[in-house]
Amino acid sequence: MKLLPALPGRTPGRLAIKLNKQAESALRQGHPWIFEGSITKQPEDGTIGDLAIIFSSRDNSVCGIGLYDPDSPIRIKLVHHGKGTPIDAAFFKRSLKKALEKRESLRTSNTSGIRLVYGESDGFPGLVVDQYAHVVVVKLYSGIWLPFIEDILQSLIDLTQCGALVIRLGRKVERAGYFGIEDGTTVWGVPPAEGVEFTEHGVRFHTDVIKGHKTGFFLDHPEHITLTDKQQKKLNSLKESSLLATSTAEREIAEAEQELWKLTAADEPDIKKIEAKAKEIAQLQVKNRIA
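Be aware that the sequence shown starts at 80, since it is given in the numbering used here, and climbs by one per residue.
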């Protein structure tokens with residue numbers, strides 16, 4: 080079954096590319112981007128998602144392969160460094176499997192919210208994958224994935240055995256309409272309309288993967304994070320207990336200070352009693368941490 084029926088199927092073109100010395104040196108050191116001004120030889124124009132095969136200026140050997148974007152100053156985003164290799168569905172499935180295996184140790188009984196793919200770091204420039212419990216969310220920041228996205232989505236379903244797969248689109252990608260879908264489209268499984276509950280180190284969160292920030296969860300944006308009913312009741316109970324404890328502590332200190340005032344105002348002040356009461360107040364303040 081095709082996950083993106085409106086997506087026009089096409090075989091990516093192949094572009095022979097040569098770079099200036101500085102860019103080629105950076106490429107050999109693992110840099111993931113090739114800028115427009117770094118290209119010294121390109122016999123023909125390319126379209127978005129074409130394979131850019133980069134040849135060495137010294138001996139014409141292949142030293143990297145990337146995806147071409149004619150609309151970006153970052154003209155080529157690398158998916159492979161080194162000698163030539165087939166870039167196809169099997170290649171990207173291997174890359175996905177490798178990325179998932181790296182994060183397997185993060186998946187525990189008390190953590191079900193995990194970032195599975197970190198864009199360029201995993202060989203997927205402009206593509207991020209997060210999993211929240213049974214839901215996998217793919218965020219696309221570039222149209223370079225047009226020729227390969229169908230295979231990548233199928234591989235994610237196979238490898239994660241997820242119950243639902245949601246596509247989120249960067250603003251530029253959504254405006255361009257590259258993939259023929261709207262931001263927040265569920266392309267596999269049942270749409271998580273009520274949001275998703277997941278855990279991170281034993282703490283439960285509820286997030287909106289359809290309309291929330293980025294893939295649905297981002298700690299710098301608490302407005303997209305909500306508590307479950309049970310968590311809200313527990314929080315309210317803790318607030319009430321805290322307010323009661325604070326009120327009791329303040330009353331005890333106020334009473335002790337009143338007694339201290341009476342001791343110091345006496346016609347013949349008792350120094351020992353005054354010192355003992357002052358020590359009692361200090362201990363109350365330390366004990367209740369409201370000094």
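C-beta: ideal position from N, C-alpha, C; glycine also.
For chain C, is any of its Cβ atoms less than 8 angstroms away from the one on residue i?
i      : result
Thr265 : The question asks about chain C, but that chain is absent: this structure has only one protein chain.
What are the boundary residues of the alpha helix (DSSP H) that includes residue i?
i      : result
Ala335 : 308 to 343
Leu179 : 168 to 182
Val252 : 250 to 255
Ala105 : 100 to 107
Taking only three categories from DSSP, how would you classify residue i?
i      : result
Thr294 : coil
Arg154 : strand
Ala85  : coil
Ala243 : strand
Ala131 : strand
Glu354 : helix
Glu359 : helix
Val365 : helix
Asp299 : Since pLDDT at Asp299 reaches only 33, below the 50 mark, its modelled position is unreliable, and no value is offered.
Glu347 : coil
Glu229 : helix
Ile118 : strand
Ile236 : helix
Gly92  : coil
If I follow the unbroken beta strand (DSSP E) through residue i, where does it start and stop?
i      : result
Leu206 : 206 to 211
Thr265 : 264 to 268
Ile113 : 112 to 114
Leu146 : 141 to 147
Tyr220 : Unbroken run through Tyr220: none, as it is neither H nor E.
Arg194 : 192 to 197
Val288 : From DSSP, Val288 is part of no beta strand (DSSP E); its letter is neither H nor E.
Glu276 : 275 to 279
Which one or two residues does DSSP pair with residue i in a beta bridge?
i      : result
Thr187 : Thr190
Lys97  : Lys120, Phe134
(message) When you compare the stretch 257 to 265 with the stretch 176 to 189, are there three or more beta-carbon pairs, one atom per stretch, that lie closer than 8 angstroms?
(response) no
(request) Report yes or no: do three or more beta-carbon pairs, one from the stretch 137 to 144 and one from the stretch 232 to 244, lie closer than 8 angstroms? (result) The stretch 137 to 144, when compared against the stretch 232 to 244, does not touch it at the 8 angstroms Cβ threshold.
(request) Inspect the CB distances between the stretch 155 to 170 and the stretch 206 to 214 and report whether three or more fall short of 8 angstroms. (result) no
(message) Count Cβ pairs between the stretch 120 to 135 and the stretch 87 to 96 that sit closer than 8 angstroms; are there 3 or more?
(response) yes
(message) Across the stretch 147 to 161 and the stretch 109 to 118, are there enough close Cβ pairs to call them in contact, namely three or more that are closer than 8 angstroms?
(response) Result yes; three or more Cβ-Cβ pairs closer than 8 angstroms.
(message) With three or more beta-carbon pairs closer than 8 angstroms as the criterion, would you say the stretch 277 to 294 touches the stretch 196 to 205?
(response) no
(message) I'd like to know if the stretch 216 to 230 and the stretch 240 to 253 are in contact, where contact means that at least 3 CB-CB pairs between them fall below 8 angstroms.
(response) Yes, the stretch 216 to 230 is in contact with the stretch 240 to 253.
(message) Quick check: the stretch 175 to 184 against the stretch 145 to 152, are at least 3 beta-carbon pairs closer than 8 angstroms?
(response) The stretch 145 to 152, when compared against the stretch 175 to 184, does not touch it at the 8 angstroms Cβ threshold.
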